[in-house]
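See structure below.
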Amino acid sequence: MATRAEFLERIRREVERGGRSFEAEAAPRPPRPADAAEAVRRQMAERWPQALERFRDEFEKVAGVFHRVATAAEVPGVIAAIAGERSVREVLAWDRDNLGIDLLPELTSAGIGLAVAPPGGGEAPRLRHRAQAASAGIGVTGVDWVLAETGTLIVVSGGGRPRSTSLLPATHVAVFDRRRLLESLEQVGLVLEALHADPARTMSGAMINFITGPSRTADIELTLTRGVHGPKEVHAVFVDELVGPDGAV
Amino acid sequence: MSEQRAPAAFADRAGAALRDRFLQEALTIATTKFIGLRAESFAGFPAGSALRDRARAIKEATLQRLDVHLGQLADNVERLGGHVHWADTAGDAREIVLRLCRDRGVRMAVKSKSMATEEIDLNEALEHAGVTPVETDLGEYIIQLAHERPSHIIAPAIHKTKGQVAELISAVAKEPLAADAEVLTAAARVQLRQKFLEADMGITGANFAVAETGTVVLVTNEGNGRMVTSLPRIHVAVMGIEKVIPSMSDLVVFLAILARSATGQKLSSYTTLVRGPRQPGELEGPDEFHLILMDNGRAKQIAGSLREALYCLRCGACLNVCPVYRQIGGHAYGHTYPGPIGILLTAMLEGTGSVKDLAHASTLCGACKDVCPVRIDIPRMLVDLRRQIDTEHLAPAGERMVFRAARRLLSSPAAFSSAARLGRVLQRPFIRGGKLAKLPLMFARWTSSRDLPPVAARTFRERWKDLR
Numbered sequence: 001m002a003t004r005a006e007f008l009e010r011i012r013r014e015v016e017r018g019g020r021s022f023e024a025e026a027a028p029r030p031p032r033p034a035d036a037a038e039a040v041r042r043q044m045a046e047r048w049p050q051a052l053e054r055f056r057d058e059f060e061k062v063a064g065v066f067h068r069v070a071t072a073a074e075v076p077g078v079i080a081a082i083a084g085e086r087s088v089r090e091v092l093a094w095d096r097d098n099l100g101i102d103l104l105p106e107l108t109s110a111g112i113g114l115a116v117a118p119p120g121g122g123e124a125p126r127l128r129h130r131a132q133a134a135s136a137g138i139g140v141t142g143v144d145w146v147l148a149e150t151g152t153l154i155v156v157s158g159g160g161r162p163r164s165t166s167l168l169p170a171t172h173v174a175v176f177d178r179r180r181l182l183e184s185l186e187q188v189g190l191v192l193e194a195l196h197a198d199p200a201r202t203m204s205g206a207m208i209n210f211i212t213g214p215s216r217t218a219d220i221e222l223t224l225t226r227g228v229h230g231p232k233e234v235h236a237v238f239v240d241e242l243v244g245p246d247g248a249v
Numbered sequence: 001m002s003e004q005r006a007p008a009a010f011a012d013r014a015g016a017a018l019r020d021r022f023l024q025e026a027l028t029i030a031t032t033k034f035i036g037l038r039a040e041s042f043a044g045f046p047a048g049s050a051l052r053d054r055a056r057a058i059k060e061a062t063l064q065r066l067d068v069h070l071g072q073l074a075d076n077v078e079r080l081g082g083h084v085h086w087a088d089t090a091g092d093a094r095e096i097v098l099r100l101c102r103d104r105g106v107r108m109a110v111k112s113k114s115m116a117t118e119e120i121d122l123n124e125a126l127e128h129a130g131v132t133p134v135e136t137d138l139g140e141y142i143i144q145l146a147h148e149r150p151s152h153i154i155a156p157a158i159h160k161t162k163g164q165v166a167e168l169i170s171a172v173a174k175e176p177l178a179a180d181a182e183v184l185t186a187a188a189r190v191q192l193r194q195k196f197l198e199a200d201m202g203i204t205g206a207n208f209a210v211a212e213t214g215t216v217v218l219v220t221n222e223g224n225g226r227m228v229t230s231l232p233r234i235h236v237a238v239m240g241i242e243k244v245i246p247s248m249s250d251l252v253v254f255l256a257i258l259a260r261s262a263t264g265q266k267l268s269s270y271t272t273l274v275r276g277p278r279q280p281g282e283l284e285g286p287d288e289f290h291l292i293l294m295d296n297g298r299a300k301q302i303a304g305s306l307r308e309a310l311y312c313l314r315c316g317a318c319l320n321v322c323p324v325y326r327q328i329g330g331h332a333y334g335h336t337y338p339g340p341i342g343i344l345l346t347a348m349l350e351g352t353g354s355v356k357d358l359a360h361a362s363t364l365c366g367a368c369k370d371v372c373p374v375r376i377d378i379p380r381m382l383v384d385l386r387r388q389i390d391t392e393h394l395a396p397a398g399e400r401m402v403f404r405a406a407r408r409l410l411s412s413p414a415a416f417s418s419a420a421r422l423g424r425v426l427q428r429p430f431i432r433g434g435k436l437a438k439l440p441l442m443f444a445r446w447t448s449s450r451d452l453p454p455v456a457a458r459t460f461r462e463r464w465k466d467l468r
């Protein structure tokens, strides 16, 4: 079996043999990713209302359910209502620092159990959390970026924000405010460049998910069916006041 | 004539597909639907055309420094705590996966849809080694239960009826289930959820890999790509070397056109970016991440005649529009990758000799080139393959003789006229219902699956003299 050096040397020879027969360039890169991301933030500080409208429109086209509330204090009520309508007894959520909201009092008084992601890692907490995730009916997360042009929720994994919260429960509820809104995939490229260029943040999570509506398939006679492996329903709750940590991730 | 046996096999497979009435109907419905969804999606996306040009340029630029990008990808994966393996051949790639399974006591592996692992027949190798591979894409799960192969790159089970699917999933459930997509999908969800939670290893392909960040990108609609990279303790990604792209800025260009080309969605339900194993402070994710970089015939095309086929995103758009695929479906091609691009990829992976019949399974109409998100010139490469098959004497002797004769006739007006006069006489015993449906000798193969119009009583050239 080839070593890395042999393998790459062979490819280098093929590349040379092919010659640089024509000019071609990869996508233009932001010279200073952090500045580019900051420019996006400033643009969106002005333009978020249009982006929110567009998001709502696109999100509903992919069968998402959109909610809007004025204050963070109203969010637990929205979640309790979603749980009530679906007879859900167990809710799973990111930890309070990452979500920015304490769901416990309201859900407890509604007789609904809450499993919050433990801080940090470890084998025993992982297995305990997995069992909770597997039986919970709703998973509540924040969102790192909300992409308006496609109706997409972008979520980065990390401490207190496990991968499975938006995956295993049959209903996913994502909570966000205006600071998360982006208009275009091009902007997403810029903020991802900045995220990966920042050594303080670059190790924060190994997985980034772009979530565009519920899990779906058309593999049986092209009949569109939702919830094949991931959630059957996705809800986005927009809060007018600021909620959750300041920067993304 | 043993030389003709292999070509006949394709004709037999195609013939069987043409006689399969459900397949004919399913193919028409599926491909027509995909064509419409794609067209509608791009019609509402004026930036699409420029993005397709840019995506193509990115692929070209990346190939010109492929060694550098692969080195950078490997460095970053290792920096994040992942392992990188180098596979020259399909056999190497299989051996790497099997060794990992042996060393780590893996008994069950859950897989998300991956053409790269189809290409190396990984499931069969795993089974022989005592590891149970479980396909988790619903379409792939169905055909795994049926012991079949995918018939379409993105809709692997379009050839199955819901009745057939109900039988397969009922057998696992050990109870009779209704032939209803909703019921069957719900049952498969339960069956596979258990597998995700129990499996030791998750195996994926990669739609893209971003060199600068060490990120593997998976695009799925069902969420199985997320499951297999979040739950099992080991994640193995198998990717062809041409899947690497330089940066996140490049990635978003491809994301903007990939799902639109495949299913007409703006984005698929899930685009998953994974870097290495679980990171410090994270609760979930695998202990180990392995990236297998596979050549298997690709590198020699960087400077080869099939270079452009290395740009392919595996969206399946060229299958849907191909008048040949629309008639015969994926199985008739007889290889991992079906459709127009599949012929080129088969030639790349298995050599030109493996497509001496398939290279002709195209009308060269160019519809594939029109819809390709990275504008791969498939018809040009198919013509090149046909020329190569002729010059390397790979085609059957009879076929080469006919084409040599045709070349002489078509390049000499005098010879063409006399052949027409001669043909008019010789064809008489073979005309049935106004067609030449069965010719003898070296023409037999050509007419076994085609009808030829007879030479006209007065040819155009003869009439043209009078008209002038």
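These protein sequences, in sequence, are chains A and B. Residues in the first sequence are numbered from 1 upward in steps of one, following the numbering used here. Residues in the second sequence are numbered from 1 upward in steps of one, following the numbering used here. Each residue gets a CB set at the ideal place from its N, CA and C atoms; glycine is no exception. What you are looking at is a predicted structure, and each value in this text was computed from that prediction instead of being measured.
Item	Value
Candidates B:GLY163, B:VAL97, B:ALA179, B:VAL252, of which the one nearest B:ILE203 by Cα	B:VAL97
At least 3 beta-carbon pairs within less than 8 angstroms: the region 344 to 364 of chain B vs the region 7 to 23 of chain B	yes
Of the residues B:GLU198, B:LEU218, B:MET201, B:ALA199, the one placed nearest B:ASN207, counting alpha carbons only	B:LEU218
Beta carbon proximity, B:LEU426 to chain A, threshold 8 angstroms	no
Cα-Cα separation between B:MET401 and B:LEU422, rounded to whole angstroms	18 angstroms
CB contact below 8 angstroms: A:GLU85 versus chain B	no
Residue-level contact to chain B via CB, A:MET44, 8 angstroms cutoff	no
Rounded straight-line distance, which links the Cα of A:ASP219 to that of B:VAL355	29 angstroms
Secondary structure of B:THR213, DSSP reduced to three states	coil
Proximity test, Cβ basis, 8 angstroms: B:ASP466 and chain A	no
Boundaries (first-last residue) of the beta strand (DSSP E) holding B:ILE292	288 to 294
Per-residue burial, A:TRP48 [other beta carbons within 10 Å of its own, 16 or more giving buried]	buried
Proximity test, Cβ basis, 8 angstroms: B:GLU222 and chain A	yes
Alpha helix (DSSP H) runs contained entirely in the region 63 to 124 of chain B, provided each spans 4 or more residues	66 to 79, 90 to 103, 115 to 119
For A:PRO33 and A:LEU190, believed in contact at Cβ under 8 angstroms, the rounded distance	7 angstroms
Coil, strand or helix - B:PRO133 by DSSP	strand
For A:GLY158: DSSP bridge partner residues	A:ARG161
Assigned secondary structure, B:VAL371 (DSSP; H/G/I helix, E/B strand, else coil)	helix
Separation of A:ARG179 from A:ILE162, as counted between CA atoms	The sequence given here places Pro at residue 162 of chain A; Ile does not occur at that position. Roughly 22 angstroms separates the two Cα atoms.
Cβ distance (whole Å) where A:ALA117 is taken to contact A:ASP144 below 8 angstroms	Not really, about 16 angstroms apart at Cβ, beyond 8 angstroms.
Supposed contact pair B:LEU293 and B:VAL131 - C-beta distance, whole angstroms, cut 8 angstroms	Going by Cβ atoms, the distance from B:VAL131 to B:LEU293 rounds to 22 angstroms, so no, they are not a contact pair.
Cβ neighbour criterion (16 or more within 10 Å) applied to B:LEU349	buried
Cβ of B:ALA157 within 8 angstroms of any chain A Cβ	yes
Against chain B: residues of the region 129 to 146 of chain A by CB proximity under 8 angstroms	HIS129, ARG130, ALA134
Cβ neighbour criterion (16 or more within 10 Å) applied to B:LYS266	buried
Alpha-carbon to alpha-carbon, B:ALA74 and B:ALA6	Low confidence applies here, because B:ALA6 scores a pLDDT of 44, under 50, leaving its location unreliable and the question unanswered by this model.
Whether B:ILE58 touches B:VAL253 by CB criterion (8 angstroms)	yes
Span of the alpha helix (DSSP H), counted from its first residue to its last, around B:ASN482	No answer is possible for residue 482 of chain B: it lies beyond the span of chain B, which begins at 1 and ends at 468.
Validate contact between the region 244 to 263 of chain B and the region 83 to 100 of chain A using beta carbons, cut 8 angstroms, 3 pairs	no
Straight-line Cα distance separating B:LEU382 from B:ALA395	14 angstroms
Among B:THR185, B:PRO453, B:GLY81, nearest to A:GLU221 - alpha-carbon criterion	B:THR185
Own chain partners of B:CYS318 with C-beta closer than 7 angstroms, once the 5 adjacent residues on each side are dropped	GLY339, PRO340, ILE341, CYS368, VAL371, CYS372, ILE378
Option nearest A:GLU183 by Cα separation, candidates A:GLY151, A:ALA206, A:MET1	A:GLY151
For B:ALA179, the three-state DSSP class (helix, strand or coil)	coil
Other residues of its chain near A:GLU60: CB distance less than 7 angstroms, five sequence neighbours each side excluded	PHE66
Nearest neighbour of A:GLY137, chosen from A:GLU85, A:VAL155, A:SER109 [CA to CA]	A:GLU85
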